[in-house]
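Engineer: Take the sequence shown: its position 831, counted from the start at 1, is 831 in full-length UniProt numbering, and no numbers get skipped.
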Amino acid sequence: MPKIYPAGQKILKKECQREEDVIEKRNKRKGRTNIQRPGKIINRIKVKDCNPQYMDPDEDLNRLGSSLGRRCSLKDSNAHKPSESSKTNKVRPTKKLCPNQTGEDFQENNNLSSLQGRPQIKQPHKNRKKVASATKNLVTASQHPKFQPIVKLTRIDAIKSQGVYNLNPIRQQCVGTFKYKLNSKDNGGIRGSEKPYHCPEGVTLWSKSDLEKDISVESQRLTEHSLETSNSLTDKSKALNINASLRGSFACGIVEVEGSAKYLKNSRSSKNQARVTLNYFMTTMFKQLTMSHLSRNNVTYEEVFRHGTATHVVTAIQYGARALMVFDRDVSKDESLEIIAGELKASIDNIPKISIHGRGSLDLSAKEKVEAEKIRCTFHGDFYIHELPVDYLTALDVCKKLPTFLGEDGEHAVPITVWLYPLSLLDSSAARLVYEIGTDFVIQVERVLDSLLEAVSICDYLLTDSIVKSFYNIEEKISKFKTLIERYKLYFQKRLAQILPSVRGGTTNATALDDILEAHKTSPFGQHKLEGWLCSLQTEIRGIKALIKGMEDSNISLLTGRFDRIEPLIFEPNITCIVNFNFNLLSKESKSLNTMENYLSEEQNSIRSTDIENNDEWVHSQADCDKIILRRQLFLDFASNNQQNEATKFVVTSRPVETQEGISVLLYCKGELRSSDFEPPSTPDVPKVLKTSSQSAEIELSLPPHGASGSIKYLVQFRKHTERWWRSQMTRDTEKSFTLEGLQRSTQYDVRYAAVCEAGVGPPSEVISVNTGEPESANCCCEHLEKLDLSHNNITEDIMKILAITLHLYRCVSLSSCRLTSRCYSALFSSLSAPHSRLTELNLSGNKNMEDSGVDQLFEGLRSENCKIEKLNLRSCDLTSKCCSALSSALSSPHSRLTEVNLNSNYNMEDSGVDQLCEGLGSENCKLEKLNLSDCRLTSRSCSALSLALSSPHSLLTELTLRDNNMEDSGVDQLCEGLRSENCKLEKLKLWRNEISESEKKNLRSLQEELNRTGRQVDIHTEED
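1. Between Gly707, Ile375, Phe563, Asp973, which has its C-alpha nearest Gln633's C-alpha?
2. Tell me the DSSP secondary structure of Arg724 in three-state form.
3. Would Tyr714 and Thr734 qualify as a contact pair, given that the criterion is a beta-carbon distance under 8 angstroms?
4. Give every residue of the same chain whose Cβ lies closer than 7 angstroms to the Cβ of Asn866, excluding the five residues on either side of it in the sequence, and list them in chain order.
5. Look at Val456 and Ile485 and say whether their C-beta atoms are less than 8 angstroms apart.
6. Locate the alpha helix (DSSP H) running through Gln916, then write down its first and last residues.
7. If I'm right that Leu957 touches Lys985 with Cβ under 8 angstroms, what's the distance once you round it to whole angstroms?
8. Whether or not the stretch 572–581 and the stretch 662–677 are in contact is what I'm after, with contact meaning three or more pairs of Cβ atoms, one per stretch, closer than 8 angstroms; do they touch?
9. In whole angstroms, give me the CA-to-CA distance for Leu815 and Leu844.
10. What residue range is occupied by the uninterrupted beta strand (DSSP E) comprising Gly320?
11. May I ask you to list the residues that DSSP assigns as paired with Ala755?
12. Residues bridged to Val652 by DSSP?
13. Report buried or exposed for His808, applying the criterion of at least 16 other Cβ atoms within 10 angstroms of its Cβ.
14. Does the beta-carbon distance from Trp419 to Thr315 come in below 8 angstroms?
15. Here's a check: name, in chain order, each residue in its chain whose Cβ is nearer than 8 angstroms to the Cβ of Glu658, leaving out the five neighbours to either side.
16. If you run the structure through DSSP and keep just helix, strand and coil, what is Phe286?
17. Roughly how many angstroms lie between the CA atoms of Tyr599 and Thr283, to the nearest whole one?
18. Can you give me the C-alpha to C-alpha distance between residue 1026 and Val652, rounded to a whole angstrom?
19. Give me the DSSP bridge partner(s) of Asn279.
20. Would you mind sorting Glu1000 into buried or exposed? The rule is 16 or more other CB atoms within 10 Å of its CB.
21. How is the beta strand (DSSP E) around Cys812 delimited, first residue to last?
22. Please report how far the alpha carbon of Gly543 lies from the alpha carbon of Ser554, in whole angstroms.
23. Under 8 angstroms by Cβ, that's how I've got Leu874 and Asn902 pegged, so tell me the actual separation to the nearest angstrom.
24. Can you check whether the CB of Asn994 is closer than 8 angstroms to the CB of Leu962?
25. Within 10 angstroms of its Cβ, does His312 collect 16 or more other Cβ (buried), or is it exposed?
26. Going straight from the alpha carbon of Glu597 to that of Ser502, what length do you get?
27. Measure the CB-CB distance between Cys818 and Glu797 and report whether it falls below 8 angstroms.
28. Would you kindly check if the distance between the Cβ of Cys918 and the Cβ of Leu946 is under 8 angstroms?
29. Just grab the DSSP bridge partners of Leu673 for me.
30. Out of curiosity, what's the CA-to-CA distance linking Asp564 and Asp637?
31. Buried or exposed: Pro422, going by 16 or more other Cβ atoms within 10 Å of its Cβ?
32. Check each candidate in Met800, Val442, Phe571 and name the one with the smallest Cα separation from Asn243.
33. Answer with buried or exposed for Ala755, where buried requires no fewer than 16 other C-beta atoms within 10 angstroms of its C-beta.
34. For Lys271, which option in Lys333, Asn241, Leu211 has the closest C-alpha, if you only look at C-alpha atoms?
35. Run through the DSSP bridge pairs and tell me what Cys377 is partnered with.
36. Please report the Cβ distance between Phe281 and Arg322, rounded to the nearest whole angstrom; I am assuming they are in contact, meaning their Cβ atoms lie under 8 angstroms.
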């Protein structure tokens, strides 16, 4: 037999025998033989959606026994049939003698319980599990200080009078207030009231004196709390303990909520928001009618049965209150939502514990208060509170005082559970309830509403984005999308509300509700279509954010707001040109939004399936993206190069223009639109030196790849290699060659040029070096020299400038230990890059003052197409890892001719420097055959990169010297992997003094023999020759 406990406690369902047999057996077991059996067999079924209202202060108190009003004309016509399972589940109420009862009272209460289907009243035990009854129906109620704590329930469902059903008494849970919305239209031939809810005044079965003298009041105190973290309607309904029928009515928009039930309408405003809800629940007392009322012979006003305005009568009420405190914490971009949510849950879980131990907001530490200030609180409850909590600290104090708000004797409590008794059991002519919708359907409707609310939440979050605020078109699109979702939500609920009453009344098949759900799935508001549109929108926002990134740094103005206009700039007299980067695609109407709007305008038949799909995803078109990225780069480069030009302004807009392009660059000149598809000039090709003399240089120029049609001339810039500021000369037109005049003889110059259009100057080309001609006498006296050795001399910058005039005429030059500084290498650069250089071998060992800047100039000369250096000695030059990067670049240069490099005794190279050097060794342009890295303090960490370089298919290295390092066995093992590669061409490897063990040396000898047997002649030296 099922046991039934007080509200909020467990009910175990079980097959049972007929009630009179069970009661008889139980009474015989306890020695009672004169107990009268109930006169009817009662089966338990669920009856849904009773409407609690509060009495006005002028009305009579304790309207227990008021009948449930019948309104057949309402949208929510909740007529019910008993389910199949309900026909077999019989209820046996348990009985327990309460402390306040006498032995004479027990007989009366036992008989009343069997008719009411209510539990015996027990004081709650602290260890008893509190599990919601599977048979409870939830109706919520709120409390206002002027209202009396008595509930009146009005049944407003449409009633089907055909058919006879045995209806069992039921319990209804009251949390907050649910008000049914009434419809004055005709429904089933009966007119409805225009009131927002219906509560028939004075409808009762008994006189006031009979009701008041037989009401039993018992104490029933219970307090419990829980934490809720879900934001779905289904889980919110479970938190409020609401049954499926009332959930369905709320989801369909048939009921309005107040009090703690307003929690159902509280949703997150942003996806970057952590939320936890504290669910606090209390019960105080239990009021019930006695057995003297529930007899057909004791009814005073029998006309209630004939009027057909009620289906049930209230027989018992449980009082208490519920409070839900919703705590929200915004999560920044630098924080983890998961971590913040966990910390928030832990903080909220401590609130009841802090309250129990008497602590308040003043007891928190400084750090706890800082975190608490970030937490917002929203209160939904049935308690009357003068100041509602708005944050964590005030909620902490309110929770501490919450039990006192009901009064010392619970006089401020509100009805939370009512027991109803079917009138049909008293009189067969009374109205009955016929049919109810299934839980699965209610869950599906809740999921639809959740998806719509989630979409609205995402819209609210996007509307806070800085880019959305800057671009009015996007903001307007999101706002329109949000409005359409809210309109569709009302439309969806309206369709359900129109058909749900007739389904509950049995006049319409339940498949009509399934048809509405299917129509939703195929509509433009289906979940996957909404998610697709929002995903596309967010991708579009990210794309726009990437496109305008860096524009503000280039002094570009954003004119994309609602009231921003470009016209004032166009007619500004001091502004000659305006270059306008325009998002034309943002000004176009969204076809997807138009499809949604047409759907709501009942033009579904004109919507094709292709129209419903999102076609605004310009960011997913690779061709469009490439074109847009190119235009953005041209615009940004052009703007960056003209920041100092006050006559030209650069702006970003989102206006409609007559062009098919989604994004275009407009050019305004002198107050008129000169071009709606302006292409700024791009970076031109590298200039070429055609001829040089002692005081001039002729260079070849070419039009840029983009913006050539608008280019009108070139700006040629030059400077001495040692100078910082550029000097300029302008060409007359876009001629192919130009001669720089007025240069100094025997001087190295940096030269670049840029295309010029009407709006300004385009980005400059790469810089080339130009050397003016040398004196004739120098060529005559030095032609016979092959080798120049100036080692161990103190060569200053001035001396080096003189030497540089003739150094390129020698085959071999040695400047070892000459104390060369970084400035000396600027002069040396001109010799290495001289057009007719003969220099193939250069010794710079022992020059420890090179510095990184000097090395950069040296290797820049090695990259020159005129350089013919094959052997380079940089022993003991204090090279760093940064120098290795420059050397790697020189080795991988297309013009590199280096075949031998000596880097012996450079202690600052480190393993990272070797890693960068090996990148050049693996290049297809590298021609290096011999490399000396002796005594560079390398470790095993560098061996991995060396092994990869040896096994590179482009490697030409035949000799590698690594002596006097610290490779150890682990590093040698990595080198062996490279040696075994079929791409390796190494013939000699020197490894002595590398902390190698004898066993490893033995392995190396074995490897050498193995390679020799395969036809490769490799000498691996582990001992000094």
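Where is the CB? At the ideal position from N, CA and C, for every residue including glycine.
Structural biologist: According to the structure data:
1. Gly707
2. coil
3. yes
4. Ser833, Ala834, Pro835, Ser837
5. yes
6. 910–921
7. 7 angstroms
8. yes
9. 5 angstroms
10. 312–330
11. Tyr714
12. Leu558, Phe581
13. buried
14. yes
15. Ser676
16. strand
17. 49 angstroms
18. No answer is possible for residue 1026: the residues shown for the chain start at 1 and end at 1025.
19. Ser226, Leu324
20. buried
21. 812–814
22. 19 angstroms
23. 6 angstroms
24. yes
25. buried
26. 29 angstroms
27. no
28. yes
29. Tyr668
30. 25 angstroms
31. buried
32. Val442
33. buried
34. Lys333
35. Phe327
36. 5 angstroms
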